[in-house]
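All the letters of the sequence shown, read from the start, carry residue numbers 143 to 459 under this note's numbering.
Ideal Cβ placement from N, Cα and C applies to all residues, glycine included.
Since this is a predicted model, take the numbers as computed values, not measurements.
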Amino acid sequence: MNLRDLRYLVALADHKHFGHAAAACFVSQPTLSTQIRKLEEELGVVLVERAPRKVMLTSAGLEAAERARRIVAEVEQMKEAARRNRDPEAGTVRLGMFPTLGPYLLPHVIPRLRERFPQLELLLVEEKSDVLLARLREGRLDAGLLALPVHDDQLHAEFLFEEPFLLAVPERHPLARRDSLALRELSEQRLLLLEDGHCLREQALEVCHLGGAGERSEFRATSLETLRQMVAADVGVTLLPMLAVKPPVARSDNIHLLDFHDSSPSRRIAMAWRRSSAMEGFLLRLAEVFQQLPADLFQFDPRSGGAPTAETRPATT
């Protein structure tokens, strides 16, 4: 048994296809198949159920693949620790973030990361929060941006920032004549929300519960941008996180934004990584870049509709 064979088994578990797994490992399909059979012979159990067009791992195969995944991840951690010792701020970091945060946060933070860590190769992965958590545990991500709370004893969560929510209404909505509202006034509204699986849906439902609002359950959006367009089309109202209304996101003339004057519904964002990670010292420094984002990014000026202030406005030449 060697590390190469364990990588083959992990690839097969991920792809459920000999050809695809072989391509991912940059070997021929016969080579990968032969090594998997040798691994089965050494362990004395069948790891893979082979069918003409389908590959399934047996219960023994699933257990072996999970153990192999942890071993491969530990080896990668060992290599990364050695690289970090040679140059603590160089190398590669695999960072995950969820879809209702990543596209709106990255334009503000990427230039700062490039300036702070010029030698860093940042590999970004966008997935829903449950997928990010699974990949963190498996060692397929080094860190992930997640909404608190994070219920996992294997992970450390470093708080980054708190992002308020705004209410987005169509320009012809009665609330469009106002700049703010009380949370309890949501009880008169039925909000458009995302489909199941998005953490923003759970966060919005919590705000709805606090304000007594309902959901327009006949429609659930697949993305935050779809929600925005539904509001612009005068279909209904929704909650938008603050970064989703900040430039470079284009302002819509058909949407009016309101904040809450009696409370601050928000989501708290953290960077999470495995407590056993050899990169912890570096990840703390990486988290500091996010923690030092300008405060104006998380403040709303009703006169600008989310436009940048002097602190956040991009420089012009």
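Quiz item: Just to confirm, are K221 and V197 a CB contact at a threshold of 8 Å?
Solution: Cβ atoms of K221 and V197: not closer than 8 Å.
Self-check item: Assigned exposure category for F432 - 16 Cβ within 10 Å defines buried
Solution: Under this definition F432 is a buried residue.
Quiz item: Apart from the five residues on each side of it in sequence, which residues of its chain come closer than 6 Å, Cβ to Cβ, to E184?
Solution: Around E184: M143.
Exercise. Locate the alpha helix (DSSP H) running through R358, then write down its first and last residues.
Key: Segment G356 to A363 is the beta strand (DSSP E) holding R358; no alpha helix (DSSP H) there.
Quiz item: So the alpha helix (DSSP H) H340 belongs to, where does it begin and stop?
Solution: Neither: H340 is in no alpha helix (DSSP H) and is coded neither H nor E.
Quiz item: Out of curiosity, what's the CA-to-CA distance linking E280 and F160?
Solution: In a straight line, the C-alpha of E280 is about 21 Å away from that of F160.
Practice problem: Determine the burial state of K388: buried for a count of at least 16 other Cβ atoms within 10 Å of its Cβ, exposed for fewer. | Solution: Buried, because 16 or more other Cβ atoms sit within 10 Å of the Cβ of K388.
Exercise. Please work out which residues of its chain come closer than 6 Å, Cβ to Cβ, to A318, disregarding the five sequence neighbours upstream and downstream, and give them in chain order.
Key: Taken in chain order, the residues that qualify are V311 and H398.
Quiz prompt | Pairwise C-alpha distance: A210 and E430 | solution = The alpha-carbon separation between E430 and A210 amounts to approximately 33 Å.
Quiz item: Residues in its own chain within less than 7 Å of V349 by CB, not counting five upstream and five downstream?
Solution: Closer than 7 Å at Cβ, skipping near neighbours: F307, L381 and P407.
Quiz item: What's the call for Q434, buried or exposed, on a 16-neighbour Cβ count within 10 Å?
Solution: Residue environment analysis places Q434 among the exposed positions, since fewer than 16 neighbouring C-beta atoms fall within 10 angstroms of its C-beta.
Quiz item: Mind checking G353: buried by the 16 CB within 10 Å criterion, or exposed?
Solution: Buried: at least 16 other Cβ atoms inside 10 Å.
Quiz item: Do E231 and F424 have their CB atoms nearer than 8 Å?
Solution: Contact flag set, yes.
Exercise. Kindly indicate which residue of C341, H403 and V377 has the alpha-carbon position closest to the one of I130.
Key: Within the shown structure, residues of the chain are numbered from 143 to 459, placing residue 130 beyond reach of any answer.
Exercise. Just grab the DSSP bridge partners of M239 for me.
Key: Answer by DSSP bridge pairing, in chain order: E268 and L287.
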